[in-house]
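Notes follow the structure.
Number of protein chains: 2
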Amino acid sequence: MSDIDLIIERLELRGHRITSSRRRVLDAVLAQQAHFTVDDLLHTTRKVGRATVFRTMKILLDLNIVCRVMMDDGALHYRLSTGRHHHHLVCTNCGRVEDFSNCDVNSLVRDLQSATQYEIEAHWLEVYGRCQSCQLLASVPESKSAATSKRATSARGGRRGNN
Amino acid sequence: MSDIDLIIERLELRGHRITSSRRRVLDAVLAQQAHFTVDDLLHTTRKVGRATVFRTMKILLDLNIVCRVMMDDGALHYRLSTGRHHHHLVCTNCGRVEDFSNCDVNSLVRDLQSATQYEIEAHWLEVYGRCQSCQLLASVPESKSAATSKRATSARGGRRGNN
DNA sequence: CTCTAAATGAGACGTAGTCTCTGGTCAAGG
DNA sequence: CCTTGACCAGAGACTACGTCTCATTTAGAG
Chain F
72 MSDIDLIIER LELRGHRITS SRRRVLDAVL AQQAHFTVDD LLHTTRKVGR
122 ATVFRTMKIL LDLNIVCRVM MDDGALHYRL STGRHHHHLV CTNCGRVEDF
172 SNCDVNSLVR DLQSATQYEI EAHWLEVYGR CQSCQLLASV PESKSAATSK
222 RATSARGGRR GNN
Chain H
72 MSDIDLIIER LELRGHRITS SRRRVLDAVL AQQAHFTVDD LLHTTRKVGR
122 ATVFRTMKIL LDLNIVCRVM MDDGALHYRL STGRHHHHLV CTNCGRVEDF
172 SNCDVNSLVR DLQSATQYEI EAHWLEVYGR CQSCQLLASV PESKSAATSK
222 RATSARGGRR GNN
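Residue numbers (the numbering used here), protein chains in the order written: chain F, 72 to 234; chain H, 72 to 234.
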């Protein structure tokens with residue numbers, strides 16, 4: 072059973088209808104290799120309304136089929152999700168995104184819980200850095216080839232940093 | 072020397088001019104007790120243009136005088152900052168925000184760095200839960216008094232959760 | 001006091017997302 | 001077959017948050 076059929080099955084289980092528009096959005100999502108924006112989807116799925124794409128993405132978000140990544144410029148991108156809880160490691164140079172879940176946020180959360188008496192429900196962690204290949208490129212003087220992948224897409228606005 | 076004079080001194084050191092508009096924005100920021108939005112500032116500082124408030128906030132952000140908090144509904148709020156690196160613990164019920172910095176994200180970052188070969192530059196962590204008083208309120212049946220503080224302000228749009 | 005670069009305010013613009021409204025599709029029931 | 005009602009689509013208005021532009025003002029150095 073292919074990815075798309077599995078997803079369609081889950082949509083049906085939730086009582087959602089499988090319409091041609093939703094199928095087109097799903098196709099577009101699955102065709103994306105890195106992260107993407109709703110705008111990217113709109114360019115590939117002609118004839119599907121903006122609102123419909125947003126509505127479909129909301130459903131996929133609820134079902135943990137996609138997740139959202141906060142890029143270092145503050146822009147929110149979508150990304151196919153593993154479904155399990157995880158975090159993102161974002162390359163600030165080329166925009167590549169790595170998942171990680173084998174981290175130790177839980178002990179941190181436990182400490183915080185006992186220190187503050189809060190009943191902790193969720194957390195959001197994004198880590199930013201330079202991937203290995205971007206480090207190598209940077210060390211070659213006058214290399215003009217860096218930063219060509221996703222970076223171009225959407226860069227305006229926003230600022231990261233909560234200090 | 073008062074808070075505002077200290078900040079003004081830092082602005083001058085950076086070569087920024089101290090205009091009456093900036094002073095009005097500063098006053099408004101310092102008058103805020105919890106977290107706030109640019110819109111909140113606009114209501115208190117009449118006669119200062121929107122763009123100017125945004126520009127001033129950007130400077131204050133650069134100087135670490137304020138920081139940004141991602142609320143659980145996805146809205147970005149501003150907050151007076153301690154200046155040092157820290158994270159936020161947000162009550163999802165009343166919107167109260169607690170700072171914490173005594174956490175151990177660093178070991179996590181170190182592990183991640185050696186596992187992925189990324190050169191890690193920054194991270195963003197927000198934790199969500201229920202503060203003690205909201206837990207108490209919730210345990211009183213039919214209590215109608217909960218959730219009155221900041222919650223009302225801006226709630227439209229956005230979704231949290233990277234999962 | 002004069003001069004100029006920096007800053008301002010108004011408003012156009014951009015982007016991400018929601019809401020509203022009208023109309024379509026489809027399954028169940030009569 | 002027809003009706004009804006729930007769900008869904010698409011268009012486009014609208015909102016929130018922020019940036020850009022441009023003509024005008026002003027801080028502050030000389």
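Using N, Cα and C, we set each Cβ at its ideal position, and we do this for glycine too.
Exercise for the section: Anything in the stretch 141-153 of chain F with a Cβ closer than 8 Å to a Cβ of chain H? List those residues in chain order, please. Expected result: M141, D143, S152
Exercise for the section: Assess, as a yes-or-no matter, whether the stretch 125-142 of chain F is touched by the stretch 151-161 of chain H under the definition of 3 or more beta carbon pairs within less than 8 Å. Expected result: no
Exercise for the section: Please go through the stretch 82-139 of chain F and give each complete alpha helix (DSSP H) segment of 4 or more residues, from N-terminal end onward. Expected result: 91-102, 109-115, 121-133
Practice task
Quick one: which residues of the stretch 192-213 of chain H get their C-beta closer than 7 Å to a C-beta of chain F? List them in chain order.
Solution key: E192, A193, H194, W195, L196, E197, V198, Y199, G200, R201, C202, Q203, Q206
Exercise for the section: Keeping to the same chain, check which residues put their C-beta closer than 6 Å to that of F107 (chain F); ignore five residues upstream and five downstream. Expected result: Position 36 of the first sequence, counting from 1, holds the residue named residue 107 (chain F). Counting only Cβ-Cβ distances below 6 Å, and skipping sequence neighbours, we find Y149.
Practice task
Output, in chain order, the set of chain H residues within a Cβ distance shorter than 8 Å of C174 (chain F).
Solution key: Residue numbering aside, residue 174 (chain F) sits at position 103 when the first sequence is read from its first letter. Against C174 (chain F), the close residues of chain H are L179, D182, L183, in the order they occur along the chain (beta-carbon pairs closer than 8 Å).
Practice task
May I have the straight-line CA-CA distance separating G228 (chain F) from S210 (chain H), to the nearest angstrom?
Solution key: On the first sequence, residue 228 (chain F) is found 157 positions in, with the first residue counted as 1. On the second sequence, residue 210 (chain H) is found 139 positions in, with the first residue counted as 1. Per-residue confidence for G228 (chain F) stands at a pLDDT of 36, beneath the threshold of 50, marking its modelled position as unreliable; the derived number appears in the next sentence. For G228 (chain F) and S210 (chain H), the distance between alpha carbons rounds to 43 Å.
Practice task
Could you please give me the residues that DSSP links to H194 (chain H) through a beta bridge?
Solution key: Sequence index remark: in the second sequence, residue 194 (chain H) carries index 123 (1-based). According to DSSP, which records beta bridges pairwise, H194 (chain H) is partnered with F:V198.
Handout entry: Range of the contiguous alpha helix (DSSP H) that encloses C174 (chain F)
Key = Numbered from its first residue, the first sequence carries residue 174 (chain F) at position 103. That residue, C174 (chain F), is in no alpha helix (DSSP H); it is neither H nor E in DSSP.
Practice task
Go ahead and pull the three-state DSSP assignment for C205 (chain F).
Solution key: Walking along the first sequence from the start, residue 205 (chain F) turns up at place 134. If DSSP states are grouped into helix, strand and coil, C205 (chain F) belongs with the helices.
Problem - Per-residue burial, G154 (chain H) [other beta carbons within 10 Å of its own, 16 or more giving buried] - result: By 1-based counting over the second sequence, the position of residue 154 (chain H) is 83. Answer is exposed; the Cβ neighbour count stays below 16.
Practice task
Given a cut-off of 8 Å, decide if A102 (chain F) and V168 (chain F) are closer than it, judged by their beta-carbon atoms.
Solution key: Position 97 of the first sequence holds residue 168 (chain F). Position 31 of the first sequence holds residue 102 (chain F). 8 Å or more divides the Cβ of V168 (chain F) from the Cβ of A102 (chain F).
Handout entry: Other residues of its chain near R231 (chain F): CB distance less than 6 Å, five sequence neighbours each side excluded
Key = Along the first sequence, read from residue 1 onward, the residue named residue 231 (chain F) stands at position 160. Unreliable positioning characterises R231 (chain F) in this predicted model, as indicated by a pLDDT of 43, which lies under 50. A coordinate reading is not provided.
Exercise for the section: Could you confirm whether any beta carbon from chain F is found closer than 8 Å to the beta carbon of Q103 (chain H)? Expected result: In the second sequence, counting from the first residue as 1, residue 103 (chain H) sits at position 32. Closer than 8 Å: no.
Exercise for the section: Pick helix, strand or coil for R155 (chain F), following the three-state DSSP scheme. Expected result: As a working mapping, residue 155 (chain F) is identified with position 84 in the first sequence. Correct three-state label for R155 (chain F): coil.
Exercise for the section: Could you work out which residues of chain H lie near F171 (chain F), taking near to mean beta carbons separated by less than 7 Å? Expected result: Reading the first sequence from its first residue, position 100 is the one you call residue 171 (chain F). Here the neighbours are L183.
Practice task
Closer than 7 Å by beta-carbon distance: list the chain H residues that pair up with L160 (chain F), in chain order.
Solution key: Counting from one through the first sequence, the residue named residue 160 (chain F) turns up at place 89. Per Cβ cutoff of 7 Å: L183, T187, Y189.
Handout entry: T163 (chain F): contacting residues in chain H (beta-carbon distance under 9 Å)
Key = Within the first sequence, the letter at position 92 stands for residue 163 (chain F). By Cβ distance, chain H contributes E192, A193.
Problem - Candidates H:V109, H:R95, H:T187: closest to L147 (chain H) by CA position - result: Position 76 of the second sequence, counting from 1, holds the residue named residue 147 (chain H). With distances taken between Cα atoms, L147 (chain H) lies closest to H:V109.
Problem - DSSP-derived helix/strand/coil call for R150 (chain H) - result: In the second sequence, counting from the first residue as 1, residue 150 (chain H) sits at position 79. Residue state, collapsed to three classes: strand.
Problem - Per DSSP, the bridge partner or partners of V161 (chain F) - result: As a working mapping, residue 161 (chain F) is identified with position 90 in the first sequence. In DSSP, V161 (chain F) forms a bridge with F:V168, F:Y199.
Problem - Pairwise C-alpha distance: V180 (chain H) and Q188 (chain H) - result: The sequence position of residue 188 (chain H) within the second sequence is 117, counting from 1. The sequence position of residue 180 (chain H) within the second sequence is 109, counting from 1. If I take the Cα positions, the gap works out to 11 Å.
Practice task
Note down, in chain order, each residue of its chain lying with its Cβ closer than 7 Å to the Cβ of C174 (chain H), except the 5 sequence neighbours on either side.
Solution key: By one-based count along the second sequence, residue 174 (chain H) stands at place 103. Answer for C174 (chain H): H158, listed in chain order.
Exercise for the section: Kindly confirm or deny that the stretch 110-118 of chain H and the stretch 74-85 of chain H touch, where touching means at least three C-beta pairs closer than 8 Å. Expected result: no
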